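Position in the sequence shown (from 1) plus 280 gives the number in the working numbering.
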Amino acid sequence: MEHSTADSRATARSWTPQRTACRFLLLLTMLVGATGCSQQETTELLPPPQKKIYNPPYPNDPVTPFQIIGNIYYVGMANYSAYLISTPEGLILLDTMLESTLPVLQENIRKLGFKVEDIKILLQAHAHVDHVGGLVDMKQLTGAKVYVMAEDADVLADGGVSDFRGDGRQLWKPVQADVILQDGDQITLGGTTMAAHLTAGHTKGCTTWSTQTEEGGQIYNVVFVCSNRVNDNIPMIDNPKYPNMPEDFASGFAKLKSLPCDVFLASHAFMFNMQEKRTRQEQGAEPNPFIDPEGYRTYIADFEYDFRYRLQQERLEKQSQY
Ligand SMILES: [Zn+2]
Numbered sequence: 281m282e283h284s285t286a287d288s289r290a291t292a293r294s295w296t297p298q299r300t301a302c303r304f305l306l307l308l309t310m311l312v313g314a315t316g317c318s319q320q321e322t323t324e325l326l327p328p329p330q331k332k333i334y335n336p337p338y339p340n341d342p343v344t345p346f347q348i349i350g351n352i353y354y355v356g357m358a359n360y361s362a363y364l365i366s367t368p369e370g371l372i373l374l375d376t377m378l379e380s381t382l383p384v385l386q387e388n389i390r391k392l393g394f395k396v397e398d399i400k401i402l403l404q405a406h407a408h409v410d411h412v413g414g415l416v417d418m419k420q421l422t423g424a425k426v427y428v429m430a431e432d433a434d435v436l437a438d439g440g441v442s443d444f445r446g447d448g449r450q451l452w453k454p455v456q457a458d459v460i461l462q463d464g465d466q467i468t469l470g471g472t473t474m475a476a477h478l479t480a481g482h483t484k485g486c487t488t489w490s491t492q493t494e495e496g497g498q499i500y501n502v503v504f505v506c507s508n509r510v511n512d513n514i515p516m517i518d519n520p521k522y523p524n525m526p527e528d529f530a531s532g533f534a535k536l537k538s539l540p541c542d543v544f545l546a547s548h549a550f551m552f553n554m555q556e557k558r559t560r561q562e563q564g565a566e567p568n569p570f571i572d573p574e575g576y577r578t579y580i581a582d583f584e585y586d587f588r589y590r591l592q593q594e595r596l597e598k599q600s601q602y
């Protein structure tokens, strides 16, 4: 409709030939991709993902806290994760969830027989309210030190005002880091070492943590995945608030692939099927259902595909606008 009328208009729009050329290029790109002539990701035309990668709208109900494996405990909710790591010299807490869920978090820690006051180190997956909303209160309550990946430190300190997803409003109580981390840094407490891996894109400092734990005389590599989910309705290409977003996502996936993983955990329970694994664990399943290297690889494959597909869609949309 638009095409047939555009040509006949006296005010011949200058964009029409350009647009036609762009469409031709787009078609060429599709054909090149379809014939497999090019290995470049930009020319592969990906079909829509079979799995929908999203945060399912299930309720964020309390969960009875439990031992995942070795010295690692689940103290989070049905949706938002929080992990307690016990050592002979005190506790490490990874993620504090929301300010409103703080009483549940504290109760969960106590239910497991630990003392909130014994928390020495506070870590986060990334600077979003569902992971850091309770952080400043927990810091004040325990006197524990807050360790933050450098790229998330500023946004954590301004309470989300500078969040590239946000509109300049404060989203959580600001938290000043005690220690700024760089990619690959390690933190050791009571013989347990937590390694910080920058897997950015979801936030600029999105941090995947890894450690080792022992159970039944075996040592297991544990990975706490940050989140590699593309933010809805946030442009990835030429985003002035985050120019390197696509590159960061891509290197994050490469980083995850390089990490040895036996026990796969993540910042949201749905990402690693927490409920289903916990049910099997309660039923006495052997080996421990949280030992799931295949699930880890599937997570990476699914989220990477979703990222590449969405990036392609954004590129195609941009091209068709010319
Ligand atoms: Zn997030």
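We treat Cβ as the ideally placed atom computed from N, Cα and C, and that holds for glycine. For clarity, every value in this text was computed on a predicted model and none was experimentally measured.
What is the DSSP secondary structure of A314, counted as helix, strand or coil? Here the question's residue 314 lines up with position 34 in the sequence shown. Caution applies to A314, whose pLDDT of 36 falls short of 50 and renders its modelled position unreliable; the value that the coordinates give is listed next. Looking at A314 - three-state DSSP - the assignment turns out to be helix.
Judging by CA-CA distance, which residue of R509, V441, A433 is the nearest neighbour of D586? Position 306 of the sequence shown holds residue 586. Comparing Cα-Cα distances from D586 to each of R509, V441, A433, the minimum goes to R509.
C-beta contact flag for T493 and I399 at 7 Å: For this step, residue 493 is matched to residue 213 along the sequence shown. For this step, residue 399 is matched to residue 119 along the sequence shown. Going by beta carbons, T493 and I399 fall outside the 7 Å limit.
Between the region 374–382 and the region 554–572, can you find at least three pairs of beta-carbon atoms closer than 8 Å? Touching, no, given that fewer than three Cβ pairs across the two stretches are closer than 8 Å.
heavy atom of ligand 1 below 6 Å from H548 C-beta: Position 268 of the sequence shown holds residue 548. Taking 6 Å as the cut-off, the C-beta of H548 does not count as close to any heavy atom of ligand 1.
CB-CB under 7 Å to G414, same chain, minus the five flanking residues each way: which ones, in chain order? Residue numbering aside, residue 414 sits at position 134 when the sequence shown is read from its first letter. Here the set comprises T376, M377, L378, E379, T381, L382, L385.
Compute the beta-carbon to beta-carbon distance between M603 and P342, rounded to the nearest angstrom, for a pair I have assumed lies under 8 Å. Because the chain here runs from 281 to 602, residue 603 falls outside it and cannot be looked at.
According to DSSP, simplified to helix, strand and coil, what is E494? What you label residue 494 is simply residue 214 of the sequence shown in a count that begins at 1. Strand, per DSSP.
Quick check on the DSSP output: what are the complete beta strand (DSSP E) runs of length 3 or more inside the region 407–440, in order along the chain? Within the region 407–440, the runs of beta strand (DSSP E) that reach at least 3 residues and sit entirely inside it are, in chain order, 425–429.
Confirm, please, whether the CB-CB distance from G532 to T479 is below 7 Å. Sequence index remark: in the sequence shown, residue 479 carries index 199 (1-based). Sequence index remark: in the sequence shown, residue 532 carries index 252 (1-based). The answer is yes: Cβ separation under 7 Å.
Please state the DSSP three-state secondary structure of Q386. Against the sequence shown, residue 386 aligns to sequence position 106. Correct three-state label for Q386: helix.
C-alpha gap between M418 and T344, whole angstroms: Walking along the sequence shown from the start, residue 418 turns up at place 138. Walking along the sequence shown from the start, residue 344 turns up at place 64. Distance between M418 and T344, taken at the CA atoms: about 20 Å.
Going straight from the alpha carbon of I401 to that of M429, what length do you get? Here residue 401 corresponds to residue number 121 of the sequence shown, with the count starting at 1. Here residue 429 corresponds to residue number 149 of the sequence shown, with the count starting at 1. Their backbone Cα atoms lie some 14 Å apart in a straight line.
For chain C, find out if any of its Cβ atoms is closer than 7 Å to the Cβ of E566; answer yes or no. This model lacks chain C altogether; it includes just one protein chain.
What would DSSP say about V396, mapped onto helix, strand or coil? Looking up residue 396 in the sequence shown gives position 116. Three-state result, V396: helix.
Closest to S366 by C-alpha separation, out of W489, P540, T473, E556, would be which residue? Along the sequence shown, one-based indexing puts residue 366 at 86. When C-alpha distances from S366 are compared across W489, P540, T473, E556, the shortest belongs to T473.
Does the beta carbon of S507 fall short of 6 Å from some heavy atom of ligand 1? Numbered from its first residue, the sequence shown carries residue 507 at position 227. Yes, the beta carbon of S507 sits closer than 6 Å to at least one heavy atom of ligand 1.
Which residues in the same chain have their Cβ closer than 7 Å to the Cβ of F583, if we skip the five residues on either side of it in sequence? Here residue 583 is taken as the residue at index 303 of the sequence shown, counted from 1. If we look at F583 and ignore the five residues flanking it on each side, its Cβ neighbours are I333, N508, R509.
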